[in-house]
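J.:
In my numbering, the protein residues as written are 20 to 623.
1) Are residue 229 and residue 295 touching if we call contact CB-CB under 7 Å?
2) Tell me the rounded alpha-carbon separation between residue 430 and residue 187.
3) Have a look at the DSSP bridge pairing and note the partners of residue 491.
4) Could you give the DSSP three-state label for residue 119: helix, strand or coil?
5) Using CA atoms only, rank isn't needed, just tell me which of 423, 533, 224 is closest to residue 239.
6) Are the Cβ atoms of residue 147 and residue 104 separated by less than 7 Å?
7) Would you please verify whether the beta carbon of residue 64 is less than 7 Å from any beta carbon of chain B?
8) Following the continuous alpha helix (DSSP H) through residue 272, name the residue where it begins and the one where it ends.
9) Counting pairs of Cβ atoms below 8 Å between the stretch 199-208 and the stretch 220-227, do you hit three or more?
10) Going straight from the alpha carbon of residue 117 to that of residue 590, what length do you get?
11) Quick check: residue 93 and residue 121, are their CB atoms within less than 7 Å of each other?
12) Can you give me the start and stop residues for the beta strand (DSSP E) that residue 319 sits inside?
13) Under 7 Å Cβ to Cβ from residue 267, same chain only, skipping five residues before and after it: list those, please.
14) Identify which residue in 453, 444, 481, 387 has its Cα closest to the Cα of residue 494.
15) DSSP three-state call for residue 179: helix, strand or coil?
16) Assuming residue 210 and residue 345 are in contact, meaning their beta carbons sit under 8 Å apart, how far apart are those beta carbons, in whole angstroms?
17) So, at 7 Å on beta carbons, what are the nonlocal neighbours of residue 501 in its own chain, with the 5 sequence-adjacent residues on each side left out?
18) Just to check my reading of the structure: residue 244 and residue 259 have Cβ atoms closer than 8 Å, yes? What is that Cβ distance to the nearest angstrom?
19) For the beta strand (DSSP E) that residue 148 lies in, which residues bound it at each end?
20) What are the residues that DSSP puts in a beta bridge with residue 519?
21) Terminal residues of the continuous alpha helix (DSSP H) containing residue 548?
22) Roughly how many angstroms separate the alpha carbons of residue 526 and residue 489, rounded to a whole number?
23) Could you compute how far the alpha carbon of residue 592 sits from the alpha carbon of residue 31?
24) Comparing alpha-carbon positions, which option in 40, 42, 50, 38 lies nearest residue 27?
25) Thinking C-alpha only, which one of 289, 534, 306, 215 is nearest residue 278?
26) For residue 47 and residue 95, which I take to be in contact (beta-carbon distance under 8 Å), what is that distance rounded to the nearest angstrom?
27) On a CA-only basis, which of 405, 235, 98 is nearest residue 435? Give me that one, please.
28) Count the C-beta pairs between the stretch 468-481 and the stretch 392-408 that are closer than 8 Å, then say yes if the count reaches three, no if not.
29) Compute the beta-carbon to beta-carbon distance between residue 153 and residue 23, rounded to the nearest angstrom, for a pair I have assumed lies under 8 Å.
30) For a test of the three-state rule: what should DSSP assign to residue 36, helix, strand or coil?
31) Which value, in whole angstroms, describes the spacing of the CA atoms of residue 478 and residue 114?
32) Provide the residue span of the alpha helix (DSSP H) that contains residue 362, from first to last.
33) Between residue 463 and residue 438, what straight-line distance do the alpha-carbon atoms span, to the nearest angstrom?
34) With a threshold of 16 other CB atoms inside 10 Å of the CB of residue 284, please say whether the residue is buried or exposed.
35) Helix, strand or coil: how does DSSP classify residue 108 here?
36) Hey, would you say residue 172 sits closer than 7 Å to residue 108, going by beta carbons?
Quick look at the structure:
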């Protein structure tokens, strides 16, 4: 007879879960035997750490739209899941976590590895329950999957090891208190009432300078977003989580917004009279229009998030695609295209600024050049991940994503360490597609190097259909993003005691594992290095030795940030001379390109 653990796995497959990311331990002994008996469905993917398994489960949900699933033992293994699960929760991804626990008769005895997982997982999970009886397993799995999918969130089921090994009871006894649940969930069609749609259309039709901001909630509404932008003559900025919503070759797409954003997005928001937000909860109000400057319309599936970033006059609570389809017939095409022409001019100027910056000299390699040289070489159906750090700036600004490409990161939690497991999960989900991760050396030392062992373990599975799996490591021996934050936000100089990290031979480490290792420290070799990496027949670590003094220049330097950065230099920053010189050159390119635009005949 099948055991509870066997039944749980079989039920998960009925919910569409065919891959579980997790690490073994005696608190899930029952599941280890059940996974063996399951004969690969569901398949267990063993990362090097439970946190990485949780990241991979969340990334699976992001890239596929399916349920992600992770499993961990009791005690320390369960605790390790939290960071990855919080990433899934904050970015609204459906993930089910299966967690082990000590035997029921030892609970409360201060037994080894005994913690209270219900308390531990209550904040990160919208559903958390302990299975105390075999007949309970069915409804807990069904409820957890329904909650995760319906609320786009984390659900956690705790199963003591003795319950795992009891005989399964797929159908509870027909007694008072028994419940009989089923597998199945359908995404609802959610659209606002007609009156609110008409109010939104009136606002958008009246506006003469419409700025659109799209996030990951608009990912399934690409055609509708394009149609709306064309009718409204609008420019479209993208949040980091919304990078893949529209391709960057559309002339009115201004690119990223915020500190990591473009000057085109900054100008779009600064001059707009109407704001149209779709599927985003972008939190940084200082990069949105000033309060009172714009009338605003917002689409969001979650009514709790409507009007919490900018005052909104039309609250369209609904699915982005369905709501736009209902809204589009009410929109009127703007015949005056001067606003659109201004936006497109600023977008052109921004791409020229990036070109200029990328080719500025550095010691030894300008990190912007690394991303600049990759951009035109991106394969058609590439998936590109990044980590949290200064590498995120170059991923956000320089990569011109094409239609059909996927891209993501730990957007809301902004935790270090997600870029590499995201890439591995993407490759498991889409083994036929090329996958590229852009990560800093700090994050790669934190966990990325260890996860290359996971790549080695599953090498055949990951590369049989398409061998392209590239980990581009920005080696600058500096926790670079924090260094710049210290200067700009605290007015403190770089403190080598916290910011310096040791030089590690990342490319050589890759070779030890049987991968391709490429090290670049000469700008003349950067393009050829990408060509070699993209043509490789195995995974690649592309180690780019970059200059930590190249600043991530924001699209507009706020007065307070400028003052604090100057203060940090006056306090004796160890990189003062290089930072000032290179920063001035980087910022100067905006002025230079704007002057070129003003010259007679430039746009004739």
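Built from N, CA and C at the ideal position, the CB exists for glycine as well.
Because the structure is a prediction, the values reported are computed rather than measured.
T.: Here's the rundown:
1) yes
2) 40 Å
3) 457, 561
4) strand
5) 423
6) no
7) Absent here is chain B; the protein component of the structure consists of one chain.
8) Premise fails: residue 272 lies in the beta strand (DSSP E), 272-275, not in any alpha helix (DSSP H).
9) no
10) 51 Å
11) yes
12) 314-319
13) 274, 419, 420
14) 387
15) strand
16) 5 Å
17) Around residue 501, the same chain offers 518 as residues with beta carbons nearer than 7 Å, after the five sequence neighbours per side are excluded.
18) Not quite, the Cβ-Cβ distance comes to about 17 Å (not below 8 Å), so this is no contact.
19) Residue 148: member of the beta strand (DSSP E) spanning 146-149, first to last residue.
20) 497
21) 545-554
22) 11 Å
23) 55 Å
24) 50
25) 306
26) Not really, about 13 Å apart at Cβ, beyond 8 Å.
27) 405
28) The stretch 468-481 is not in contact with the stretch 392-408.
29) 5 Å
30) coil
31) 25 Å
32) 357-377
33) 9 Å
34) buried
35) helix
36) Judged by beta-carbon spacing, residue 108 lies within the 7 Å limit of residue 172, meaning their Cβ atoms are closer than that value.
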